[in-house]
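Here's the structure, in structure tokens; my notes come after.
In the numbering used here, the protein residues as written are -19 to 71.
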């Protein structure tokens, strides 16, 4: 059984500290109300695109996996660099 691991998301500035942002509203007879509006980076104070942070994390993992597989393949092939096909000029 695999353990579930949580990973901290990071802003492009490198910070992994985020603050929730709210709209505050007030009504004379009902008091105040808070409505969540999103997230803000604690380091650079920029508005956070949460789906973008998740995509960045996934892409980083895929790149690391690709690098690892490339190294393994290179080791199995005897460290032979793949030859690139020469493009023929269009005349």
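We treat Cβ as the ideally placed atom computed from N, Cα and C, and that holds for glycine.
- Put simply, the backbone Cα of residue 33 is about 12 Å away from that of residue 19.
- When DSSP states are grouped into helix, strand and coil, residue -1 belongs to the strand group.
- For residue -5, the closest of 49, 25, 10 and 46 by C-alpha to C-alpha distance is 25.
- In the DSSP assignment, residue -6 falls outside any beta strand (DSSP E), carrying neither H nor E.
- Per DSSP, residue 43 is not a residue of any beta strand (DSSP E); the alpha helix (DSSP H) it occupies stretches across 30 to 56.
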